[in-house]
Structures are given as structure tokens and as C-alpha cells.
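Notes to accompany the following structure.
There are 2 protein chains.
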Amino acid sequence: MVKQQRAARTREALVQAAATAFDCVGYEAASLAQVSKSAGISMGALTFHFPTKDQLAEAVQARGACVTRSAAEKITAEQGRPLRSAIDLTLEVARLLDEDVAVRAAARLTRECPQAATPWTSVWLPAIEALLCRASTDELRPGADPQTVLTLTTHLITGTESYIRRCATLPEQRESAQDQLERVWRVVLPGISRNNAQLD
Amino acid sequence: MVKQQRAARTREALVQAAATAFDCVGYEAASLAQVSKSAGISMGALTFHFPTKDQLAEAVQARGACVTRSAAEKITAEQGRPLRSAIDLTLEVARLLDEDVAVRAAARLTRECPQAATPWTSVWLPAIEALLCRASTDELRPGADPQTVLTLTTHLITGTESYIRRCATLPEQRESAQDQLERVWRVVLPGISRNNAQLD
């Protein structure tokens with residue numbers, strides 16, 4: 001049992017160190033030797049747990065996907081108004097991108113390794129699509145079709161991730177990604193909402 | 001004179017081949033040997049014209065910046081309503097990203113080599129900022145401050161570039177980036193415009 005716990009802790013440390021590496025320099029440039037060094041775990045143990053770089057990247061993507069999926073499930077279970085829930089989910093995704101290195105690494109790896117088993121977008125984008133379809137009759141103004149609002153939403157998340165990466169060297173001097181995205185939604189919402197809805 | 005023309009043609013072919021390489025695989029992974037091969041120009045001639053990879057990347061960024069700057073200057077000179085001009089400029093940037101490999105490479109290199117002499121964003125983003133500031137009193141609705149609309153605009157261009165890259169393997173099967181962005185602006189515009197402006 002103690003042995004199993006130790007193995008789980010080793011895997012955990014490796015996934016964390018790998019997330020930092022993939023987030024910072026991407027799949028190709030990430031060095032397994034550097035991951036092993038920064039996790040304080042030997043290369044032998046690394047290759048025992050993750051025989052290939054692909055398997056390590058897969059574990060990081062799974063971690064980032066799991067965190068994001070939990071957030072999506074929590075928000076979609078809340079039974080609020082669908083448009084508000086869709087916006088709340090984007091704000092939570094922005095917060096996770098800002099604060100969780102595995103989420104940020106998963107977002108990057110999904111672009112760089114499109115053959116991944118669990119693309120990061122697949123755990124939140126369909127939830128937003130479903131919410132926007134539910135919102136369309138009562139909440140979206142005529143002309144604001146759900147597919148175009150979904151495209152807008154995707155662009156806003158992509159832009160948010162890019163903002164975080166641009167400011168990576170001075171994170172304490174900038175507005176949080178969630179605050180910035182909320183500011184953008186306040187401006188955009190009157191254009192897409194039928195009822196002149198406001199964010200609280 | 002003939003010799004100068006030949007040198008100019010050689011540089012032109014090298015910049016074009018390098019733009020394709022930087023656009024596809026990024027700065028780090030781009031191979032000078034591959035650039036030389038696909039341009040049909042010897043490695044000796046490549047290093048004569050561009051002694052370092054940095055100098056070749058700089059030339060590609062300068063090309064992409066030059067094309068984009070021309071578009072920005074043309075649109076800002078047109079004396080239309082500032083908000084409409086700002087949107088027109090984003091649509092032109094989307095078209096250039098879709099159709100001009102040097103523009104796409106410049107966008108990518110600006111992210112990957114932030115110390116570049118001419119960051120690609122610096123040739124169009126200040127023009128949009130100036131237009132939005134001019135629009136703010138007459139055209140933007142109260143609450144839609146120019147800085148937030150600028151953040152929105154930046155996210156839309158980032159999202160547009162990401163869309164082009166996601167669909168790089170099947171460009172003929174997708175909506176053009178310009179059409180997609182125009183569709184998004186039609187939905188967003190009523191939220192930011194004071195006069196309930198519509199795109200024609």
C-alpha cells in the first residue's frame with residue numbers, strides 16, 4: 001500500500017513538472033531530462049512510469065481535461081439561465097487557464113498534438129454549444145445564431161489564453177484573465193441578448 | 001544591374017520559402033536546409049544573403065508587416081466612420097492572414113520571437129486603437145469603452161488566426177476567415193454601437 005502511494009506521488013510530481021515544461025516550451029521542445037530534474041525524480045523512474053513522451057503528454061492532457069470537465073459539469077448542473085451559464089463557464093475556463101498549469105498545458109498540447117485521446121476543447125466546448133442552443137429561443141436576440149455566438153466564444157477563449165501567454169513574464173502586473181474576459185462580456189452581451197441582459 | 005536583379009530574386013525566393021517554413025512549424029523547428037531546398041537555392045547563397053536564422057526571420061517579419069501596414073494605411077486614409085473603419089481593418093487583417101503566408105508567419109514569429117524589430121501587431125493594433133478612440137464619443141454606446149473593445153478586437157484576431165491554423169489541412173472545405181469574422185461582427189456590433197449600427 002505504501003509502495004502504491006509512493007508510486008502515485010511519483011507520477012503526480014512527474015505530471016506536474018511535465019505540465020510546466022509543456023506549458024512553457026511546447027511538446028517538441030520539452031526535455032524529459034529537464035522534467036526528471038525539476039521533479040527531483042530519476043530518468044529511470046520517469047521512463048518506468050511514462051515510457052514515452054507521448055504518454056507523459058497524454059497524462060498531462062488528461063489532468064487538464066479532468067479539472068476543466070469538473071468545472072463544466074458543476075456549472076451545467078446548476079440550472080441557471082443557459083446564456084448566463086455559458087458565460088460563467090467561459091469565465092471559469094479563463095480562471096483555470098490563469099491558475100492551473102495543467103489546464104494551460106492541455107490547451108497548448110491540444111493544438112500541438114491534435115491526435116490526442118482527450119482534446120482539451122472537447123471537455124468544455126460541447127457544453128457551451130448545448131447551453132447556447134438552449135438559450136437560442138428565449139435569450140439570444142434574433143440574428144444572434146448559436147453557431148456564431150459559439151465562434152465568438154471560441155475566439156474569446158483563444159484570445160484569453162494568448163493574453164496569459166503574452167504576459168507570462170509579469171503575471172502580477174496584469175489584470176486577471178477572468179476579470180478581463182468579464183469586462184469583454186459586459187460589452188458584448190447587449191449585442192447577443194434578447195432581453196438586454198446584464199452581467200450582475 | 002542584372003546582378004542586382006538576380007540577387008533581389010534570390011532574396012525574394014528565400015523569404016517566401018522561409019515564410020512557409022516559419023508559418024508551418026515555427027521559429028525553432030524551421031530548418032535552414034529545408035528552406036534552401038524548397039527555394040531551390042544553395043545553402044551558400046542562403047547564408048550569403050541571411051547569415052543567421054534571426055536575420056531570415058526578421059526579413060519574413062518585415063515582409064508580413066509591410067503588407068499589413070499598407071492595408072492599415074489605406075483603410076485609415078479613407079475617412080469613413082471610425083468604428084466601421086476599425087471593423088474593416090480587422091476584416092482585411094483576417095483576409096491577409098488567410099491568404100498571405102508572410103503575414104501568417106509574421107503573426108507567429110511575433111509570438112515566438114518577441115524581441116523582433118517590427119512586431120506584427122504594432123503595424124495594425126495602434127491604428128485600430130486610434131480609430132476606436134475617435135469612435136468613442138459618437139459611435140460607441142456608453143459602457144463600451146474603447147480599451148475593452150480593443151481587447152475584444154485583439155481576441156477576435158487571435159481567434160481568427162487560430163481558426164486558420166486548426167483548418168490548415170483542409171482550407172478548401174471551410175468558410176473564409178474574413179466571412180467568419182464578418183459573421184461574428186454582425187452579432188457583436190449591436191452591443192458596442194450607440195446608433196444600432198449594422199454592417200452593410
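Residue numbers (the UniProt record's numbering), protein chains in the order written: chain X, 1 to 200; chain L, 1 to 200.
From the three backbone atoms N, C-alpha and C, an ideal C-beta is built for every residue, glycine too.
Please read all numbers here as calculations on a predicted model, not as lab measurements.
- Counted as a single uninterrupted DSSP element, the alpha helix (DSSP H) harbouring Cys-66 of chain L occupies residues 53 to 76.
- Secondary structure of Leu-132 of chain X (DSSP, three-state): helix.
- The three-state reading of DSSP puts Ser-193 of chain L in strand, counting E and B together.
- Counting the other CB atoms within 10 Å of its CB gives Gln-180 of chain L a total of 16 or more, which places it among the buried residues.
- A straight line joining the alpha-carbon of Ala-130 of chain X with that of Ala-72 of chain X spans about 12 Å.
- The Cβ neighbour count for Ala-59 of chain X, taken over all protein chains shown within 10 Å, is at least 16; the residue is labelled buried.
- In the same chain as Pro-119 of chain L, and ignoring 5 residues on each side of it, the C-beta atoms closer than 6 Å to its own belong to Thr-110, in chain order.
- For Val-149 of chain X, the residues of chain L that pass the 8 Å Cβ criterion are Val-187, in the order they occur in the chain.
- Shown here for Ile-75 of chain X: same chain residues with a beta carbon closer than 6 Å to its own, the five before and five after excluded, namely Ser-85, Asp-88 and Leu-89 in chain order.
- Judged by beta-carbon spacing, Leu-125 of chain L lies within the 9 Å limit of Thr-154 of chain L, meaning their Cβ atoms are closer than that value.
- Interface annotation, Leu-152 of chain X: in contact with chain L, CB-CB separation under 9 Å.
- Assigned with DSSP and collapsed to three states, Leu-170 of chain X falls in coil, not helix or strand.
- Glu-28 and Ala-29: these are the residues of the UniProt domain "HTH tetR-type" (8 to 68) of chain L whose beta carbon lies less than 7 Å from some beta carbon of chain X, given in chain order.
- Contact between the region 24 to 36 of chain X and the region 4 to 12 of chain X is not established, with fewer than three Cβ pairs separated by less than 8 Å.
- In the DSSP annotation of this structure, the continuous segment of the alpha helix (DSSP H) that includes Glu-112 of chain L starts and ends at 101 to 112.
- At a cut-off of 9 Å between beta-carbon atoms, Gln-180 of chain X makes contact with chain L.
- For the pair Gln-61 of chain L and Val-35 of chain L, the Cα-to-Cα distance works out to about 16 Å.
- Of the residues assessed, Ala-77 of chain X falls on the exposed side of the cut-off, its CB having fewer than 16 other CB atoms within 10 angstroms.
- Residue pairing by DSSP puts Leu-140 of chain X in a beta bridge opposite X:Ser-193.
- Apart from the 5 residues on each side of it in sequence, Leu-56 of chain L sits with its Cβ closer than 6 Å to the Cβ of Ala-18 and Phe-50 in its chain, given in chain order.
- Its Cα nearest to that of Ser-162 of chain L, the residue X:Thr-158 stands out among X:Tyr-163, X:Ile-164 and X:Thr-158.
- Contact between Ser-176 of chain L and Arg-141 of chain L is ruled out by a C-beta separation of about 29 Å, above the 8 Å threshold.
- Identification of chain X residues near Leu-156 of chain L by a Cβ-Cβ cut-off of 9 Å yields Leu-152, His-155, Leu-156 and Gly-159, ordered along the chain.
- For Phe-22 of chain L, the uninterrupted alpha helix (DSSP H) run begins and ends at 2 to 29, by DSSP.
- The C-beta separation of Val-149 of chain L from Val-187 of chain X comes to about 6 Å, placing the pair in contact by the 8 Å criterion.
- Taking 8 Å as the upper bound for CB-CB distance, Arg-108 of chain X and Phe-22 of chain X are in contact here, some 6 Å apart.
- Under a criterion of Cβ atoms nearer than 7 Å, the residues of chain X adjacent to Ser-162 of chain L are, in order, Thr-158.
- At a cut-off of 9 Å between beta-carbon atoms, Ala-116 of chain L makes no contact with chain X.
- Spatial neighbours of Glu-139 of chain X in its own chain (CB-CB distance under 8 Å, excluding positions within 5 residues in sequence) are listed in chain order as Arg-81, Pro-82, Leu-83, Ser-193, Arg-194, Asn-195 and Ala-197.
- Contact between Leu-91 of chain L and Gly-191 of chain X is absent: CB atoms are separated by about 17 Å, not below the 8 Å threshold.
- Between the alpha carbons of Lys-3 of chain L and Ala-144 of chain L lies a gap of roughly 56 Å.
- For the pair Thr-151 of chain X and Ala-168 of chain X, the Cα-to-Cα distance works out to about 26 Å.
- Contacts between Ile-192 of chain L and chain X, judged by CB atoms closer than 9 Å, involve Val-187, Val-188, Pro-190 and Gly-191 in chain order.
- Identification of chain L residues near Ala-105 of chain X by a Cβ-Cβ cut-off of 9 Å yields none; the smallest Cβ-Cβ distance measures about 17 Å.
- Classified as buried, Gly-64 of chain L has 16 or more neighbouring CB atoms from the shown chains inside 10 Å of its CB.
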